Amino acid sequence: MTANHGSRLTKHSLPDRPPVLLRRQRLLDFLHQNINRKLVLVAAAAGYGKTSLVVDFARDTDFPVAWCALDETDRDLTVLAADLVAAMRGPFPNFGEALQALLGESGRPAHVEQLASAFARGIESSIDGYFVLCLDDYHVVEDVESVGRFFTKLLEVLPEQAHLLIASRTIPPFPIAPLAARQEIAGLSEEQLRFTPAEVQALLRLRNDVVVPDSEAEQLTADAEGWITGILLTSHLMWQGLVATWLRARQADAPVYDYLADEVLAGQPAPLRQFLLESAVLPEMDAESCDAVLGRRDSADMLRQAEAQRLFISGIGDEHRAFRYHHLFREFLLARLKSAAPARLREIQKRAGQWYESQGWPETAITFYLAASDTRRAVVIAETNAEVMFLAGRHETLRRWGEQLAAIALEAPTLHCCLSKVSANGGDLAGAVKALG
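In case it helps, the working numbering puts the sequence shown at residues 53 to 489.
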């Protein structure tokens with residue numbers, strides 16, 4: 053198996069801008085007015101429209117835009133650096149050629165600060181005009197010490213033509229005070245991202261062709277605290293009454309989102325409902341992967357139905373059309389599938405492991421095999437790919453595999469030999485001996 057980076061089919065492709073996406077002019081104006089700063093943060097909990105806003109800005113601006121949707125694989129700095137280079141090559145195809153030697157090909161990852169400085173030099177030497185690097189879902193990597201050091205150093209040395217726009221559920225642990233003192237940072241918070249009554253009216257008119265009275269929009273916005281995902285779920289149940297539906301959700305024993313999503317799911321035809329539940333196992337999907345993993349032949353039609361119904365699914369890419377569910381909706385669907393059909397969930401997870409393995413994505417394959425309790429197959433993949441990962445500098449990935457497979461360490465001698473070499477290269481002789489057991 054040849055290892056690829058990540059599990060996303062279109063990780064560096066800017067997501068589609070749906071025709072029913074409301075243009076939030078007040079927030080776009082803020083981004084346009086502040087994009088000259090080194091760092092712009094868009095930070096809010098899930099469901100407040102962060103990604104939609106950043107996508108709208110990226111498609112709106114005259115600057116070149118590099119896009120990277122971060123995922124769990126980016127917790128390994130070597131993967132993250134390679135992903136950033138790949139993102140930059142969207143608008144700048146020749147970017148990063150001099151960085152390849154630092155991406156761990158010698159088996160020893162580049163020093164974090166050295167890698168950040170080299171990335172900045174690559175920008176300075178090859179890009180003249182202003183551009184924006186957009187990072188979505190930064191919260192996935194925010195607690196990784198090496199990643200934090202990388203971006204801290206990058207922000208210190210970033211050339212003036214480069215600007216970072218980061219969307220995250222939390223505020224990244226960057227040195228904010230020095231950036232603020234130099235007026236190099238700006239941001240939008242959850243409070244600013246909350247939808248106003250006027251925006252709710254405009255969105256429901258755009259999406260549902262419905263005129264909502266001022267008083268109803270004000271009450272709904274106040275009750276939902278501007279949380280647009282909840283309001284959009286409510287809009288699927290408009291025949292029950294917007295405010296009445298929201299009030300029932302607030303009074304239910306289940307969390308508000310789960311109550312509303314349950315109502316929306318129950319309103320779908322049985323075949324589509326089953327497809328939604330099962331396809332949510334995949335972090336990103338296309339018709340081919342859904343057919344293979346779910347054992348279907350009609351996934352293309354089901355995906356079209358889900359998109360047409362606007363069931364919290366977004367398309368990505370042009371040449372290779374892929375989809376993903378909104379984070380909250382996917383989490384809800386997975387919880388429902390686990391509760392209703394745990395055996396079917398494990399079956400799909402195992403088939404997903406097989407599919408990702410066949411595509412050359414060992415990390416994701418191992419994750420799915422472990423979720424399906426197939427540790428034997430996970431060990432086989434780790435053993436097959438350990439040496440390749442070591443030579444590529446994927447040391448954090450190797451450490452994670454060692455932790456995940458600790459219970460059957462004796463069955464993974466190649467993995468632990470590589471872990472021993474990682475420790476030895478880092479000067480940790482005791483760790484090197486311990487890894488050999």
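Think of the CB as a built atom: it goes at the ideal place given N, C-alpha and C, for glycine as much as any other residue. These figures come from a predicted structure and were not determined experimentally.
Can you find the residues in the same chain that come closer than 8 Å, C-beta to C-beta, to residue i, ignoring five residues on each side of it along the sequence?
| i | result |
| --- | --- |
| residue 222 | 95, 191 and 194 |
| residue 132 | 122, 126, 193, 199 and 202 |
| residue 349 | 343 |
| residue 210 | 90, 172, 175 and 216 |
| residue 146 | 178 |
| residue 426 | 402 and 405 |
Cutting at 6 Å between CB atoms, please list the residues of its own chain near residue i, excluding the five before and the five after it.
| i | result |
| --- | --- |
| residue 128 | 446, 448 and 449 |
| residue 417 | 405, 408, 409 and 433 |
| residue 164 | 198, 201 and 202 |
| residue 454 | 471 |
What residues in its chain sit with their C-beta under 7 Å from that of residue i, if we drop five residues either side in the sequence?
| i | result |
| --- | --- |
| residue 431 | 457, 460, 463 and 464 |
| residue 290 | Annotation note: pLDDT 49 at residue 290 (below 50); position unreliable, no value reported. |
| residue 476 | 484 |
| residue 258 | 72 and 74 |
| residue 380 | 98, 99, 281 and 309 |
| residue 138 | 64 |
| residue 339 | 351, 352 and 355 |
| residue 512 | The structure shown has nothing for residue 512, since the chain only spans 53 to 489. |
| residue 158 | Bear in mind that the predicted position of residue 158 carries a pLDDT of just 44, short of 50, making it too unreliable to give a figure here. |
Can you round the beta-carbon distance between residue i and residue j to whole angstroms, since I take them to be within the 8 Å contact cut?
| i | j | result |
| --- | --- | --- |
| residue 415 | residue 125 | 6 Å |
| residue 386 | residue 345 | The Cβ separation is near 14 Å, so there is no contact. |
| residue 313 | residue 285 | 6 Å |
| residue 421 | residue 402 | 7 Å |
| residue 136 | residue 183 | Going by Cβ atoms, the distance from residue 136 to residue 183 rounds to 13 Å, so no, they are not a contact pair. |
| residue 419 | residue 439 | Their Cβ separation, rounded to whole angstroms, is 20 Å, which puts residue 419 and residue 439 out of contact at 8 Å. |
| residue 114 | residue 80 | That belief does not hold up - the Cβ atoms of residue 114 and residue 80 are roughly 13 Å apart, past 8 Å. |
| residue 428 | residue 238 | Actually they do not touch by this definition, with Cβ atoms about 51 Å apart. |
| residue 154 | residue 166 | 7 Å |
| residue 487 | residue 471 | 4 Å |
| residue 388 | residue 329 | 6 Å |
| residue 424 | residue 398 | 5 Å |
Which residue comes first and which comes last in the beta strand (DSSP E) that contains residue i?
| i | result |
| --- | --- |
| residue 240 | 237-240 |
| residue 491 | The requested residue 491 does not occur in the structure, where the chain is confined to residues 53 to 489. |
Could you spell out the range, first to last residue, of the alpha helix (DSSP H) harbouring residue i?
| i | result |
| --- | --- |
| residue 483 | 481-487 |
| residue 253 | 249-260 |
| residue 337 | Where residue 337 is concerned, there is no enclosing alpha helix (DSSP H), given that its DSSP letter is neither H nor E. |
| residue 146 | Note, residue 146: premise wrong, no alpha helix (DSSP H); not H, not E. |
| residue 325 | 322-331 |
| residue 132 | 129-140 |
| residue 223 | No alpha helix (DSSP H) contains residue 223, which DSSP labels as neither H nor E. |
| residue 273 | 266-276 |
| residue 227 | It is not in any alpha helix (DSSP H) - residue 227 carries neither H nor E in the DSSP assignment. |
Run through the region 53-121 for me and flag every whole beta strand (DSSP E) of 3 or more residues, listed as ranges in chain order.
-> 91-95 and 117-121
Evaluate the contact criterion for the region 98-111 versus the region 168-179: three or more CB pairs, one atom per stretch, below 8 Å.
-> no
Counting pairs of beta carbons, one from the region 241-251 and one from the region 316-335, are three or more of them closer than 8 Å?
-> no
Which whole runs of the alpha helix (DSSP H) in the region 170-210 are 4 residues long or more, in chain order?
-> Whole alpha helix (DSSP H) segments, 4+ residues: 197-209.
Spell out a yes or no on whether the region 87-101 and the region 204-220 are touching, meaning 3 or more CB-CB pairs, one atom from each, closer than 8 Å.
-> yes
Which whole runs of the beta strand (DSSP E) in the region 357-417 are 3 residues long or more, in chain order?
-> 365-368 and 374-377
Is the region 363-382 touching the region 61-77 in the sense that three or more CB pairs, one from each, lie closer than 8 Å?
-> yes
Whole runs of the alpha helix (DSSP H) within the region 418-484, excluding any shorter than 4 residues | 427-443, 447-456 and 465-477
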